[in-house]
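Chemist:
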Amino acid sequence: MRPTLPSSLFLSALSLLTAAQVLAQAPKAYQDLPPSDTVIATTGAPALPDAGLGDFNDYWYVLEALNIGLSPKPDTFFLVSPQETLESYLRACRAGRFETAAHALNLNLFAADRQAELGPVLAQELYYVLDQRIGISWGTVPDRPDGASTVPATDVGTVGAARRSIAIGDLTADGREVSLRLQRIRVGDQAPRWVWAATTVEEIPALYERYGPGFLEQRVPSWSKTQVLGVPLWVVFGIIVAAGLCFGFGWLIYRGFRWICKQAPFEWANVLGEQLAKPIGVAVGILLFYGLLRDALALSGPWARGFFTLMIVIVVGVVVWVASRAIDYVIGYLAERNIADVSDEANDEARRQLTMLSVGRRVLVFVLLLIGLSVIFSRINGLEGIGYALIGSAGFMAIVVGIAAQSTLGNLVAGIQIAVTRPVRIGDSVLFEGQYGTVQDVRFTYLVIKTWDLRRLVVPLKYFIDHPFENWSMTDSKMLKTFYVYVDYGIDVNQVRAKFDELTRAHELYNDYKDPDLIVYAIEGECLKLRCTVSAEDSSKAWTLHCDVREAL
C-alpha cells in the first residue's frame, strides 16, 4: 500500500532530522564531509530474537542500555560508521588496549557485574579469530553512518539503502554457521553507533575454542615465535617435521599394503596391490599431513588460508586419483575375466560389453571430477558470492558455453548416443570413407579405427555419426565377399562355375552359410563379366578366401 503524502513528508523529515543529529554528534572528520545522498530506509527487515536486546526500527536497534558494566567509553574511540568501528577496534587491540576495544562489543547478554571482567577477554579472543581466520574486505565495509553501500553486495537490497546489520564474515563452530556481524544500535537519545552484534559476541568463546591457539602454539618457546616473511619459525619447523613423518608413514602404508596383497592367495588381490598401493600410500600421507596442520599445529594467519586452500585441492585431487585408479582396476578386472576375445568377430556380446564398460568408465571418472570440483569450491571461503553470480547468470552462461563448446558437447552427446544405440562397438569391422579397419577404442569425443595396415584413424564422434559408414559385424559376423572375373565370349560358363564351386568348397575358410555363386554379371566390349560370391565366418576370413579363390580360378 503506497504511503499518503503527509506520511511521506513525515518520513522524509524524520530522515533529515536523524542525519543532522548523527552529524552533529560525530567526530570532526565527519562534520567536514559534504552532505550525503538521501537515505532510503530498508523496510520489512527481519527482527532478531529479543533476548533483552530491545526494540528496532528500519534504521537501528533501540536499546535501553549498553554495556553498563564497563567504564565510560573514551572520546577517541569512534563507533559512528561500520568502517570506523572496525578501525577503532583493531587499532585498540593491536595496541593491547582490550578494555577500550570491549566498547565495540554488545555485552548485553552477559551480567552487568561481569562485563568489565569478560569484555577485554572477549575482545582479545575475537581479535585473534579475526586476525587468523577472516580476511576483511575493506572495500565492502561502508564508511557511512547509515551503513549504506555504494557497491552491490549479496546482503544489500538496494545500493544506497540504509542498513542496521552488516556481515563481516562467516565461520563454523560446533558444526554451526556463525555470522560475524556489526549492528547499528541506539541507546535512548544518544547518537546511533555500530558495535559487534550481541549474538556474535555470544559465540566468541566457541569460535576461540575452534580457531584459537593450538596445543603446540601455547607451549613453544618465545624465541620460536619470531616471524620470517610473516610465518613463525616454529611453524616452519613444524611443517618440515610433519612432512617428513607423513612421508614416512605413507611409505610404510604403501609397502605394507603391497606386501599384504602379494601374500594373498587370490590373483585379484595381487593385481590390486600393484594398482592401488602407491595412490593409497600417497592419499594416507596427504590426509595425515592435512590433519596435523589443521589440528596439531593449528596453522592460522592470512597466509594459512591460502595454504589450506592449496591443501584442500591436493587432498581432493589425491582422493579422486585413488577412486579413478580403483575404477580402472575393477573395470579392467571385469573386462579381462568376463569378456571374451573381441578380435574374434563372432563375439558380438563381448564387443557390446567392452564398449559399455569403456564408456561407463569414462562417465564415472567424469562424475568423480565434477564431485571433486564441487567439494573444492564448497570448502573454500569467499567463493559463495561467485557462486551466486554464476547462478544468477546461469541462463546467459549456458548460452555462451553452449556456443563456445558446441563441437565438444556435440561429441559428448554423440558418445552417449553410441553407448545407448550401439551402431558401432569396440572390435567391429567397419568401412568408413574408404578406410577399412576395426574399432579399437571409443573415447569421450572420438573413436579410434585400426586399419588393416596397422594405421590408427581418429574420427570425432559427431563426425562419425553424421556420415554413413559400413559396419560389417553389427548384427552378424558372417560375411559375403564378391569379386569379378573377365572372360572371353566363347568360354564355357558352366565349366567355370563348376570349377569355382570346387575351389571354394575345398578352401578351409569357407563356411556353409551360403553356397558359392557365379553368374554372368554383364557384357562389356569384348568380354563377359562374371560375378563370384563366397561366404566366410567374418570379414577378415572372407577377404582371404576371396583373394585365394580368385587367384586359383
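Mapping of the sequence shown onto the numbering used here: position 437 corresponds to residue 556, and the numbering continues sequentially without gaps. All C-beta atoms in this analysis are idealised placements derived from N, C-alpha and C, irrespective of residue type, glycine included.
Curious, which full-length alpha helix (DSSP H) runs of at least 4 residues does the segment 241–295 contain?
Modeler: You should have found no qualifying run.
Chemist: Quick one: is I187 buried, meaning 16 or more other Cβ sit within 10 Å of its Cβ, or exposed?
Modeler: exposed
Chemist: Check this for me: beta carbons of V577 and V567, under 8 Å apart or not?
Modeler: yes
Chemist: Once the 5 residues before and after K192 are set aside, which same chain residues still bring their CB inside 7 Å of it?
Modeler: H222, listed in sequence order.
Chemist: So, at 6 Å on beta carbons, what are the nonlocal neighbours of R210 in its own chain, with the 5 sequence-adjacent residues on each side left out?
Modeler: none
Chemist: Among all the DSSP beta bridges, which residues are the ones paired with A641?
Modeler: K648
Chemist: Leaving aside the five residues before and after A292 along the sequence, list all residues of the same chain whose C-beta is less than 7 Å from its C-beta, in chain order.
Modeler: E322, A325, L326 and R329
Chemist: Measuring only the C-alpha atoms, how far is D634 from V449?
Modeler: Going by the C-alpha atoms only, they are around 46 Å apart.
Chemist: Short of 7 Å in beta carbon distance, which residues of its chain neighbour S658, apart from the five on each side in sequence? Order them along the chain.
Modeler: E464, S548, W591, S592 and M598
Chemist: So the beta strand (DSSP E) W313 belongs to, where does it begin and stop?
Modeler: R312 to W315
Chemist: Please name the residue in A661, D607, K618 and T663 whose C-alpha comes closest to that of G644.
Modeler: D607
Chemist: I'd like to know if K618 contacts chain B, where contact means its C-beta is closer than 8 Å to some C-beta of that chain.
Modeler: Chain labels in this structure do not include chain B; a single protein chain is all it has.
Chemist: Taking the alpha carbon of E621 as the reference point, which residue from C651, I610 and Y640 has its own alpha carbon closest?
Modeler: C651
Chemist: Are the CB atoms of I304 and L185 within a distance shorter than 8 Å?
Modeler: yes
Chemist: Where are the beta strand (DSSP E) runs, 3 residues long or more, that stay fully inside the segment 561–606, in chain order?
Modeler: 565–570, 575–579 and 598–606
Chemist: Taking just the CA atoms, how far does I287 sit from A317?
Modeler: Per the coordinates, the alpha-carbon of A317 lies some 14 Å from the alpha-carbon of I287.
Chemist: Per DSSP, L301 is paired with what?
Modeler: For L301, the beta-bridge partners assigned by DSSP are I285 and W315.
Chemist: Buried or exposed, going by whether 16 or more other CB atoms sit within 10 Å of the CB of Q302?
Modeler: Buried.
Chemist: How long is the line joining the alpha carbons of K569 and F427, rounded to whole angstroms?
Modeler: 47 Å
Chemist: Rounded to the nearest angstrom, what separates S477 and C666 at their Cα positions?
Modeler: 35 Å
Chemist: Give the DSSP-derived three-state secondary structure of F427 in the structure shown.
Modeler: helix
Chemist: For L550, which of helix, strand or coil comes out of DSSP?
Modeler: strand
Chemist: Between N613 and G451, what straight-line distance do the alpha-carbon atoms span, to the nearest angstrom?
Modeler: 55 Å
Chemist: How would you write the range of the beta strand (DSSP E) that Y632 sits in, first residue to last?
Modeler: Unbroken run through Y632: none, as it is neither H nor E.
Chemist: Is it the case that the Cβ atoms of V314 and L224 are separated by a distance below 8 Å?
Modeler: yes
Chemist: Where does the unbroken alpha helix (DSSP H) through L224 begin, and where does it stop?
Modeler: Looking at the DSSP string, L224 is not in any alpha helix (DSSP H), and its letter there is neither H nor E.
Chemist: Which term fits L395, buried or exposed, when burial requires 16 or more other beta carbons within 10 angstroms of its beta carbon?
Modeler: buried
Chemist: Decide if E656 is buried, meaning its Cβ has at least 16 other Cβ atoms within 10 Å, or exposed.
Modeler: buried
Chemist: Please state whether the Cβ-Cβ distance between W179 and P311 is less than 8 Å.
Modeler: Taking 8 Å as the Cβ cut-off, W179 and P311 qualify as a contacting pair.
Chemist: Excluding the 5 residues flanking A671 on each side, which residues of the same chain have their C-beta closer than 8 Å to its C-beta?
Modeler: L622
Chemist: Could you tell me whether the Cβ atoms of L483 and I446 are closer together than 8 Å?
Modeler: yes
Chemist: Would you kindly check if the distance between the Cβ of F376 and the Cβ of G392 is under 8 Å?
Modeler: yes
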